[in-house]
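Heads up: the sequence shown is residues 7 to 235, going by my numbering.
Here a beta-carbon is modelled for each residue, glycine too, at the ideal position from N, C-alpha and C.
The structure under discussion appears below in the form of structure tokens.
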Amino acid sequence: MGHAVVVPQPRLMGSISVVLGSASPARLRVLRDAGLVPQVLVADLDEDAIVAAMGDVPPADVVTRLARAKGEAIVSSIRSDGNPSFEAARADGVVLTCDSMLLLDGELSGKPHTPDVAIARWKRMRGTSGHLLTGHCVTRLRDGAVESVVADHRSTDVAFSDVSDETIARYVATGEPLKVAGAFTLDGLGGWLLDGITGDPSSVIGISLPLTRELLARVGVDVTDLWRT
């Protein structure tokens, strides 16, 4: 008598909940355009204090550790919060967190926050190239517990146009560069002021799709499990 062959059934697409631990509308847009419909929860962290506590570590470690710290804060909130909005994520979900900074002449910089800082940075950046570093962390949740955590980074080279003082002033006056890492965007007004990039464009926008796919695989999730199409 032959033996029955049991074929495992594939997981339904979109059955795993996704939480994006970021206030970045660009990151959310990248994920939505790529077929995901994540919930958003923002971590309340003193990033400057975290960086100061790291001491002298490589730049890639800085962004990766920040992404991991954000993940820990988000997961702690999800697991301790009785909000039913995240019940599905607690039961079967993934949390995605990121942190981006620009490495220029050996110095890391995040969001400039003020016009004066943004103008000064652009005067240093114009006509040069830098490395946009983005740390990524993926946390797998199942049955209310943390099943696994992985983290890594992506680096993309960015060539800045040799723009005039007037152009810099007008760009900063829009307010866009004040709230983004490195004081520029690829997918916004800042895209006019870049000569090109070498590497992953989604990483420059804020979250690398290739790296995120790789990290998901390391926690046992195929990215197609997250699609909602």
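Could you give the residue range of the alpha helix (DSSP H) that holds residue i?
| i | result |
| --- | --- |
| E78 | P65 to S86 |
| D54 | E53 to M60 |
| V5 | Past the edges of the chain, shown from 7 to 235, lies residue 5, and the structure says nothing about it. |
| V36 | P31 to D39 |
| R224 | L215 to R224 |
Who are the Cβ neighbours of residue i in its own chain at under 7 Å, not counting the five residues just before and after it?
| i | result |
| --- | --- |
| D163 | S135, H137, I203, T204 and G205 |
| V186 | K117 |
| V43 | R234 |
| I125 | I174, A175 and V178 |
| L221 | H142, V144, V156 and D158 |
| R85 | R96 and G150 |
| G41 | W233, R234 and T235 |
Go to residue i, then tell me how far its beta strand (DSSP E) extends in each direction, as first and last residue.
| i | result |
| --- | --- |
| A157 | A151 to F166 |
| I211 | No beta strand (DSSP E) holds I211; the alpha helix (DSSP H) holding it covers P207 to I211. |
| L200 | L200 to T204 |
| V25 | S23 to L26 |
| R132 | Neither: R132 is in no beta strand (DSSP E) and is coded neither H nor E. |
Identify, in the order they occur along the chain, each residue of the same chain with its Cβ nearer than 8 Å to the Cβ of residue i, setting aside the five sequence neighbours on each side.
| i | result |
| --- | --- |
| T191 | A32, E182, P183, G197 and I211 |
| V36 | S208, I211, G212, I213 and L215 |
| H119 | L184 and K185 |
| R74 | T103, G141, C143, V155 and A157 |
| D168 | R132 and G133 |
| S83 | L47 and A49 |
| T218 | L102, H142, V144 and V229 |
| V52 | One detail in the question is off: residue 52 reads as Asp in this sequence, not Val. Counting only Cβ-Cβ distances below 8 Å, and skipping sequence neighbours, we find nothing. |
Check the C-beta distance from residue i over to residue j and give it rounded, since I have them as a contact under 8 Å.
| i | j | result |
| --- | --- | --- |
| S28 | T140 | Rounded, the Cβ-Cβ distance is 11 Å, inconsistent with contact. |
| V225 | V101 | In fact, because the Cβ distance is near 10 Å, the residues do not count as touching under 8 Å. |
| V229 | V152 | Contact doesn't hold; Cβ gap of about 20 Å is too wide. |
| K76 | D54 | Actually they are not in contact, since the Cβ atoms of K76 and D54 sit about 14 Å apart, beyond 8 Å. |
| D39 | A79 | Between A79 and D39 the Cβ distance is about 26 Å, and since that is not below 8 Å, they are no contact. |
| A165 | L199 | The pair is not a contact, with the Cβ atoms about 10 Å apart (cut-off 8 Å). |
| L34 | V46 | 6 Å |
| G188 | S91 | The pair is not a contact, with the Cβ atoms about 33 Å apart (cut-off 8 Å). |
| S23 | D231 | Between D231 and S23 the Cβ distance is about 11 Å, and since that is not below 8 Å, they are no contact. |
| V227 | R146 | 7 Å |
Once the 5 residues before and after residue i are set aside, which same chain residues still bring their CB inside 6 Å of it?
| i | result |
| --- | --- |
| T70 | G141, A157 and H159 |
| G194 | E182 |
| P121 | V178 |
| S161 | H137 and L139 |
Kindly indicate if chain D contains any beta-carbon less than 8 Å away from that of residue i.
| i | result |
| --- | --- |
| T218 | Any reference to chain D falls outside this structure, which holds one protein chain only. |
The stretch 168-184 / the stretch 120-131 touching (three or more Cβ pairs under 8 Å): yes
Contained alpha helix (DSSP H) runs [length at least 4] in the stretch 86-123, N- to C-terminal order: Whole alpha helix (DSSP H) segments, 4+ residues: 93-97.
contact_flag[the stretch 57-66, the stretch 85-102] where n(CB pairs < 8 Å) is 3 or more: Between the stretch 57-66 and the stretch 85-102, the count of Cβ pairs shorter than 8 Å is below three; the stretches do not touch.
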